[in-house]
Amino acid sequence: MFLSPVKILLVVVLSLSSALSEGYLPTETLCFACANNDTCYRDRTCRGCQPGYTLGIGYTAQVDYFGCYRGIKYCWYYDGNVCHNCNDEYLPSPDRMDCVHCVIDKCVICDKDDSCAGCKEGYAPSNDGTKCVEAVGSCEVLLNTGRCSKCMSGYQLSSDGFSCTPCQVANCKRCSGDNQCAECVSSSFVLSTDLNCITPVPNCAKATGNRVCVGCNPGYQLTACSICNANYLLLSGKCITCNVDHCLKCSDTDKCKDCSDGYGLVGTTGKCGPCADPKCWQCALNASECTLSRAEIETVKEQKGIPWWVWLIVAIGAAALLGIILFIVLWCCLRKPIVPVTVYEEENYESDKDSGDDQTRDLALDFNNRSFFARPPPILIMNDYVQPRIYTQDATQVHGDMTSAAAESEVTSDESDGSNGSTSNGTSG
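Numbered per mature numbering (1 follows the signal peptide of the UniProt record, and there is no 0), the sequence shown spans residues -21 to -1, 1 to 408.
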């Protein structure tokens, strides 16, 4: 039996429809499998999914058609293979791979049942995750009441807990209150007694903001102090901060007993207030009674000046000193020179006993049994050495020193002896 062309075409169409119903889609010449699909429509949309997969409402990242994804319970809208929206009373988990029960107002992400991990813009999860409260900027721990209990690093919590402001304490990581540090940025700094960050004092466990140690590490002890700086109170050998403005001396850490100039004690509060009279230097009784005026201070300053008689003594002393200096200069410049005198040693000279004149005394010297007379010339007393003038017995001056004179005398003596010998020989002959 022969089929008509119309019947043949109908058979081909039915065969193609059967192939498509088995999960294949045609290309230009071939059919390809629908991924994770049971059956596909000709418009490349999924009609049914295999067990374990669900029909998603959305677009995939690879192909532009409604596809089948691995099923996420309670998820009704997928973004790729993650859940974007869940059914009522459910919210996506932080990784969006699950839908958890969450009925918290303004919450958009829950990390577990009824525990919010993310809220709408302008809100933040409370510390226990049970609420979304108005966000507090730079807050690290937010309470259910909307108050912040801990700010982020570098911020300080306001007194009402509804704001975090930058910490104004230098080198502070976290502030506990207004200009009070709770934790310093590193171990290079430590908290002082007034909650500031200071560089450590060696072997000190506790110090003030001015690095005055008030407590030592184990094995060390404070040296007792006898005098403290201004605004510090000496207590048991320690200098304690005096927290009273314009105070010179404290009776306690918060009570003043002596205020600075221009201020007086205010009643029994122990505080210092400005004097009521601007012309007052020191005041008392609620700063209204002036005990010392500025005019009196000026008078006291004048009275405390150097007396006139002190200046007179200084002037007389200076004049006397100048006179002494002038006298010494004139004496050195105008004095007469030293007069030369003749110096003799009594035991070294033979005096002419008959003449009675000491200045004619001659020094008797005997060189080789020859007689000479040394007549020293006039000398200055300050001279260390004087060369005497030497004379023979016939008053002939011998030049040179005594040793040379002795040598010359010896030669003369020899010559004289020779002459005498020759004369004698001639006579004998």
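For every residue, glycine included, the Cβ atom is placed at its ideal position computed from N, Cα and C.
- Shown here, VAL115 sits in coil according to DSSP, grouped into three states, outside any helix or strand.
- Here VAL191 is not near PRO179, since their CB atoms are 8 Å or more apart.
- In this structure, ALA103 sits near LEU121, with a CB-CB distance shorter than 8 Å.
- LEU291: member of the alpha helix (DSSP H) spanning 287 to 313, first to last residue.
- In the structure shown, ARG153 falls within a strand segment according to DSSP collapsed to helix, strand and coil.
- Ranking ASP233, LYS185, ASP93 by CA distance to the CA of ASN196 puts LYS185 first.
- The C-beta of VAL289 has fewer than 16 other C-beta atoms within 10 Å across all chains shown, which makes the residue exposed.
- Residue pairing by DSSP places PRO253 opposite TYR242 in a beta bridge.
- Going by beta carbons, ASN182 and CYS163 fall outside the 8 Å limit.
- Per DSSP, the continuous beta strand (DSSP E) segment holding ILE88 begins and ends at 86 to 91.
- Under DSSP, GLN261 shares a beta bridge with LEU271.
- Where GLU162 is concerned, the enclosing beta strand (DSSP E) starts and stops at 159 to 163.
- Separation of ARG75 and TYR53 (C-alpha to C-alpha, rounded to the nearest whole angstrom) is 12 Å.
- If you draw a straight line from the Cα of PRO286 to the Cα of ILE295, it is about 15 Å long.
- Contact check for CYS218 against CYS226 fails: the beta carbons are separated by 8 Å or more.
- DSSP places LEU174 outside both helix and strand once states are collapsed to three, so it counts as coil.
- Within the DSSP secondary-structure output, PRO145 pairs in a beta bridge with TYR134.
- Put simply, of LEU301, GLY241, ALA255, LYS250 the residue whose alpha carbon is nearest the alpha carbon of ARG273 is GLY241.
- By the CB criterion at 8 Å, LYS99 and CYS111 fall inside the cutoff.
- Counting the other Cβ atoms within 10 Å of the Cβ of VAL82 gives fewer than 16, which makes it exposed.
- With respect to GLN159, LEU174 sits close: the two C-beta atoms are nearer than 8 Å.
- Taking a contact as a CB-CB distance under 8 Å, the pair LYS129 and GLU119 counts as one, their CB atoms being some 5 Å apart.
- Beta-bridge pairing by DSSP links HIS80 to TYR69.
- Here ALA186 is bridged, per DSSP, to CYS192.
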